[in-house]
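Novice: Mapping of the sequence shown onto the working numbering: residues 3 to 283, in sequence order. Note that beta-carbon positions come from the ideal geometry of N, C-alpha and C, so glycine has one too. Sharing a structure with you now.
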Amino acid sequence: MSESAAFADNSLGAYLRDRRTKLDPAAFGFSLTRRRTPGLRREEVAQRANVSATWYTWLEQGRGGAPSADVLDRIARALMLTDVEREHLFLIGLGRAPDVRYRAIDGVSPRLQRVLDALELSPAIVRTATWDVVAWNHAAAAVLTDYATLAPRERNVLRLMFGRPDVRARQPEWESVARFVVASFRADAARVGAGREMQGFVDEMCRLSPEFASMWRDHDVRAQGEGTKVLRHGALGDIALEYSSFAVDGRPDLSMVVYNAASPGDAARIRTLIDEKRQAR
Numbered sequence: 003m004s005e006s007a008a009f010a011d012n013s014l015g016a017y018l019r020d021r022r023t024k025l026d027p028a029a030f031g032f033s034l035t036r037r038r039t040p041g042l043r044r045e046e047v048a049q050r051a052n053v054s055a056t057w058y059t060w061l062e063q064g065r066g067g068a069p070s071a072d073v074l075d076r077i078a079r080a081l082m083l084t085d086v087e088r089e090h091l092f093l094i095g096l097g098r099a100p101d102v103r104y105r106a107i108d109g110v111s112p113r114l115q116r117v118l119d120a121l122e123l124s125p126a127i128v129r130t131a132t133w134d135v136v137a138w139n140h141a142a143a144a145v146l147t148d149y150a151t152l153a154p155r156e157r158n159v160l161r162l163m164f165g166r167p168d169v170r171a172r173q174p175e176w177e178s179v180a181r182f183v184v185a186s187f188r189a190d191a192a193r194v195g196a197g198r199e200m201q202g203f204v205d206e207m208c209r210l211s212p213e214f215a216s217m218w219r220d221h222d223v224r225a226q227g228e229g230t231k232v233l234r235h236g237a238l239g240d241i242a243l244e245y246s247s248f249a250v251d252g253r254p255d256l257s258m259v260v261y262n263a264a265s266p267g268d269a270a271r272i273r274t275l276i277d278e279k280r281q282a283r
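Have a look at this one:
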């Protein structure tokens, strides 16, 4: 075994032992009698993970060989690891991060909301991998869409793009933007394993919009990344916005998208609009 491989095995074993000894056996229904060390026994972790007790013991001792992603996932659940701890387990056990897990979400933490609110002149939103908008700032409400006036179910970029004539009218290059959105949505949903969750939504969108159905059948995939878009705003006229997309740390199934004015003139008009909205509030 190479020095680096031995280090990886030893690190994995040490990490598993440490996490195991920090768990309360009583919380899992195990007896507290005749225990000489704190935490769960190895065979108890193996039982919870549905793996061989002998093999799990070898894994802690650095003799178990490379575990599969499925086994690591079961061990992570058995040890009640957080998302960050699970990622660390995969990094030291397999040398890569685990696949992203899709989780339905209807909001963000207060800290993340404060990050959005600090961007006073830059419209910013947080959206899920299935393109539901779950957070936004005042600038986004003024320049993009006032999501607070929409029911949570309607705060979805695809529903707005294909189901709202007013939103469509605000896109001078609607077809190009719509194709980009559909392709990015397909890539994001597949990346986080949300295929099953999104199937009903896709079926509904195909029934409601023949244009969506046609674009979906193209099977195009895109990454949102960064770029420039032109928005036809009722109060501002045509404005150009540069956008950048960022994964939320610890939640790669969430993206924060920040828009900035593409020119000083656009920036001045956005500032005036936001100032007017602030005074109205």
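(1) Give the straight-line distance between the Cα atoms of Ile-241 and Asp-148, rounded to the nearest whole angstrom.
(2) Can you tell me where the beta strand (DSSP E) holding Phe-248 begins and where it ends?
(3) From this set, Val-117, Leu-25 and Leu-18, which residue's C-alpha is nearest Asp-75's C-alpha?
(4) Going by Cα to Cα distance, which pick from Cys-208, Phe-32 and Asn-52 is closest to Ala-80?
(5) Check this for me: beta carbons of Val-136 and Val-145, under 8 angstroms apart or not?
(6) Okay, do the segment 150-166 and the segment 218-225 touch, 3+ Cβ pairs below 8 angstroms being the bar?
(7) Whose C-beta lies closer than 8 angstroms to the C-beta of Cys-208 among residues of the same chain, with five residues either side of it excluded?
(8) Would DSSP call Glu-175 helix, strand or coil?
(9) May I ask you to list the residues that DSSP assigns as paired with Glu-228?
(10) DSSP three-state label for Asp-20, please.
(11) Got a sec, what are the start and stop residues for the beta strand (DSSP E) Ala-263 sits in?
(12) Considering only their Cβ atoms, is the gap separating Ala-150 from Pro-125 smaller than 8 angstroms?
(13) Touch check for the segment 175-183 and the segment 107-126: three-plus C-beta pairs under 8 angstroms?
(14) Taking just the CA atoms, how far does Ala-131 sit from Ala-1?
(15) Could you tell me the distance, in whole angstroms, from the CA atom of Ala-171 to the CA atom of Arg-234?
(16) Please give the ranges of any alpha helix (DSSP H) in the segment 83-143, keeping only runs that are unbroken, at least 4 residues long and fully inside the region.
(17) Count the other CB atoms within 10 Å of the CB of Leu-42; is the residue buried (16 or more) or exposed (fewer)?
(18) Which residue's Cα is closest to the Cα of Ala-263: Gln-115, Pro-100, Leu-123 and Gly-31?
(19) By the 10 Å Cβ neighbour count, where 16 or more other Cβ atoms means buried, how is Ala-249 classified, buried or exposed?
(20) Would you check if the distance between the CB atom of Ser-257 and the CB atom of Ser-247 is smaller than 8 angstroms?
(21) Taking 8 angstroms as the cut-off, decide whether the C-beta atoms of Asn-139 and Leu-114 are in contact.
(22) Mapping DSSP to helix, strand and coil, what is Arg-188?
(23) Check the DSSP bridge columns for His-235 and list the partner residues they point to.
(24) What separation, rounded to the nearest whole angstrom, lies between the Cα atoms of Val-47 and Tyr-58?
(25) Residues in the same chain with beta-carbon distance under 6 angstroms from Lys-279, minus the five sequence neighbours each way, listed in chain order, please.
(26) Let's see if you can read the secondary structure: which residues bound the alpha helix (DSSP H) around Gln-281?
(27) So, are the CB atoms of Arg-88 and Pro-69 less than 8 angstroms apart?
(28) In angstroms with no decimal places, state the Cα-to-Cα distance between Pro-193 and Val-204.
Specialist: A quick look at the data gives this:
(1) By 1-based counting over the sequence shown, the position of residue 241 is 239. By 1-based counting over the sequence shown, the position of residue 148 is 146. Roughly 17 angstroms between the two C-alpha positions.
(2) As a position in the sequence shown, residue 248 is number 246, starting the count at 1. Phe-248 -> beta strand (DSSP E) spans 239-250.
(3) By one-based count along the sequence shown, residue 75 stands at place 73. Of the listed residues, the one whose Cα sits closest to Asp-75 is Leu-18.
(4) For the purposes of this step, residue 80 is taken as the residue at position 78 of the sequence shown. When each option's Cα is compared against that of Ala-80, the closest is Asn-52.
(5) Locating residue 136 in the sequence shown gives position 134, counting from the first residue. Locating residue 145 in the sequence shown gives position 143, counting from the first residue. Not a contact, by the Cβ cut-off of 8 angstroms.
(6) no
(7) For the purposes of this step, residue 208 is taken as residue 206 along the sequence shown, with counting starting at 1. Excluding residues within five positions, the ones whose Cβ falls inside 8 angstroms are Phe-214, Ala-215 and Trp-218.
(8) If you number the sequence shown from 1, residue 175 lands on position 173. Reduced to three states, the DSSP call for Glu-175 is coil.
(9) For the purposes of this step, residue 228 is taken as the residue at position 226 of the sequence shown. The partner list for Glu-228 (beta bridge, DSSP) reads Ser-246.
(10) Position 18 of the sequence shown, counted from the start, is the residue given in the question as residue 20. In this structure, Asp-20 counts as helix in the three-state DSSP scheme.
(11) Taking the sequence shown and counting its residues from 1, the one referred to as residue 263 is at position 261. Here the beta strand (DSSP E) through Ala-263 covers 253-263.
(12) As a position in the sequence shown, residue 125 is number 123, starting the count at 1. As a position in the sequence shown, residue 150 is number 148, starting the count at 1. Not in contact: Pro-125 and Ala-150 (Cβ atoms no closer than 8 angstroms).
(13) no
(14) With the chain running from 3 to 283 in the structure shown, residue 1 is simply not present.
(15) In the sequence shown, residue 171 corresponds to position 169, counting from 1. In the sequence shown, residue 234 corresponds to position 232, counting from 1. The alpha-carbon atoms of Ala-171 and Arg-234 are separated by roughly 8 angstroms.
(16) 85-96 and 112-120
(17) Indexing the sequence shown from 1 puts residue 42 at position 40. Leu-42 is buried by the Cβ-count criterion.
(18) The sequence position of residue 263 within the sequence shown is 261, counting from 1. For the residues Gln-115, Pro-100, Leu-123 and Gly-31, the minimum Cα distance to Ala-263 belongs to Leu-123.
(19) As a first step, residue 249 is located in the sequence shown; it is residue number 247 there, counting from the start. Classification of Ala-249: exposed, given that the 10 Å Cβ count is below 16.
(20) What you label residue 257 is simply residue 255 of the sequence shown in a count that begins at 1. What you label residue 247 is simply residue 245 of the sequence shown in a count that begins at 1. Yes, the pair counts as a contact, with Cβ atoms nearer than the cut-off.
(21) The residue labelled residue 139 in the question sits at position 137 within the sequence shown. The residue labelled residue 114 in the question sits at position 112 within the sequence shown. In this structure, Leu-114 does not lie closer than 8 angstroms to Asn-139 by Cβ.
(22) For the purposes of this step, residue 188 is taken as the residue at position 186 of the sequence shown. In this structure, Arg-188 counts as helix in the three-state DSSP scheme.
(23) Taking the first residue of the sequence shown as position 1, residue 235 is located at position 233. DSSP lists Gly-239 as partners of His-235.
(24) Locating residue 47 in the sequence shown gives position 45, counting from the first residue. Locating residue 58 in the sequence shown gives position 56, counting from the first residue. In a straight line, the C-alpha of Val-47 is about 8 angstroms away from that of Tyr-58.
(25) For the purposes of this step, residue 279 is identified with residue 277 of the sequence shown, where counting begins at 1. Same-chain partners within the cutoff: Ala-144.
(26) Looking up residue 281 in the sequence shown gives position 279. Counting along the chain, the alpha helix (DSSP H) containing Gln-281 begins and ends at 266-282.
(27) The residue given as residue 88 occupies position 86 in the sequence shown. The residue given as residue 69 occupies position 67 in the sequence shown. No, Cβ-Cβ distance for Arg-88 and Pro-69 is not below 8 angstroms.
(28) Within the sequence shown, residue 193 is the residue found at index 191, counting from 1. Within the sequence shown, residue 204 is the residue found at index 202, counting from 1. Before going further, note that residue 193 is Arg rather than Pro in the sequence given. If you take the alpha carbons of Arg-193 and Val-204, they lie about 16 angstroms apart.
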